[in-house]
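Enquirer: Numbering (this note's numbering), first residue to last: 269 to 556. Idealized CB from N, CA, C, for every residue including glycine.
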């Protein structure tokens, strides 16, 4: 029964947002996302060990069209951080809280208080394709490279601010539907193109599918503060950890799962994306 919780939560969130905002798209987006996650969980239940991850990989791939095709191409709404700066400026100047900001509030700011960085593990449209790359290795990323996310975050915020400060009419060219939001579509295509290209290159260079998440993704830094307070996180079971290190070897985000579980503590790292691979491969069921 617990497998259907994501579908029920998605339907409830969609209904609430539709009731208060009035946009029909919420009745499609959130139930669809929740439904995909439920399907992924059900698929995973048919497998054992590391193969259980096929359910999550199917779910995250199935979810990506709702962001890329429906919102990005058809609605011309860019959910990348750079676009959020424009919508944030609109909110500060006019008080208009748009759908793009609702996405950030739910997925990147408020949601992590509950499920941590579960969005990264189950719904990220960039990682959706990285998960299927033909890379079998999972080499750890040297810590010195993870700091590169900070200048990327800085630039992602600074570039749209420079456009605004230099007089660019972002409301007309980026946001006003009467003008076709042509520039927003260009930013969507260019931004995602850069992200995908960098992500694929990094994955093969570092022999790790989610190298981009560790090295360049700016959004991960935005989610970290709230994720540190997450209510849902990986926890120890009543079974004793045997320190086999399989959980650490399989973790796509280089989290020291064994270090926490072996001490009987929950995994507190804000790098955890709730993919569940640590639970999948644990030979004694010490992680839940």
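#1: With DSSP as the reference, identify every bridge partner of residue 551, one or two as the case may be.
#2: Distance check for residue 326 and residue 300, CA to CA, integer angstroms please.
#3: Going by C-alpha to C-alpha distance, which of 278, 496, 443 and 388 sits closest to residue 542?
#4: Can you name, in chain order, every residue of its own chain whose Cβ lies under 7 Å from the Cβ of residue 474, other than the five neighbours on each side?
#5: Run through the segment 401-456 for me and flag every whole alpha helix (DSSP H) of 4 or more residues, listed as ranges in chain order.
#6: Do residue 248 and residue 400 have their CB atoms nearer than 8 Å?
#7: Going straight from the alpha carbon of residue 285 to that of residue 465, what length do you get?
#8: DSSP three-state label for residue 333, please.
#9: For residue 358, count the other beta carbons within 10 Å of its own beta carbon; 16 or more makes it buried, fewer makes it exposed. Which is it?
#10: Please state whether the Cβ-Cβ distance between residue 309 and residue 323 is less than 8 Å.
#11: Taking DSSP's pairing of strands, which residues face residue 486 in a bridge?
#12: Taking the straight line between their C-alpha atoms, what separation do you get for residue 505 and residue 528?
#13: How do the segment 444-459 and the segment 503-520 stand: do at least 3 beta-carbon pairs fall below 8 Å, yes or no?
#14: Would you call the segment 490-500 in contact with the segment 366-383, where contact means no fewer than 3 C-beta pairs closer than 8 Å?
#15: Excluding the five sequence neighbours on either side, which residues of its own chain have a C-beta within less than 6 Å of the C-beta of residue 537, listed in chain order?
#16: Pick out whichever of 547, 521, 352 and 386 has its Cα sitting closest to the Cα of residue 320.
#17: Is residue 398 near the ligand MG - that is, is its Cβ less than 7 Å away from at least one heavy atom of it?
#18: With DSSP as the reference, identify every bridge partner of residue 504, one or two as the case may be.
#19: Applying the criterion that 16 or more other CB atoms from any shown protein chain within 10 Å of the CB defines a buried residue, is residue 427 buried or exposed?
#20: Let me know the secondary structure DSSP gives residue 541 once reduced to three states.
#21: Which runs of the alpha helix (DSSP H) at least 4 residues long sit entirely within the segment 311-398? Give them in chain order.
Expert: The relevant details are as follows:
#1: None; residue 551 has no bridge partner.
#2: 14 Å
#3: 388
#4: 407 and 409
#5: 411-414 and 417-433
#6: Past the boundaries of the shown model lies residue 248; the chain is included only from 269 to 556, so the question cannot be answered.
#7: 34 Å
#8: helix
#9: buried
#10: yes
#11: Looking at the DSSP assignment, residue 486 forms no beta bridge with any residue, so it has no partner.
#12: 12 Å
#13: no
#14: yes
#15: 523
#16: 547
#17: This structure does not include the ligand MG; it has no bound ligands of any sort.
#18: 555
#19: exposed
#20: coil
#21: 321-333, 349-362, 367-371, 380-383, 386-390 and 395-398
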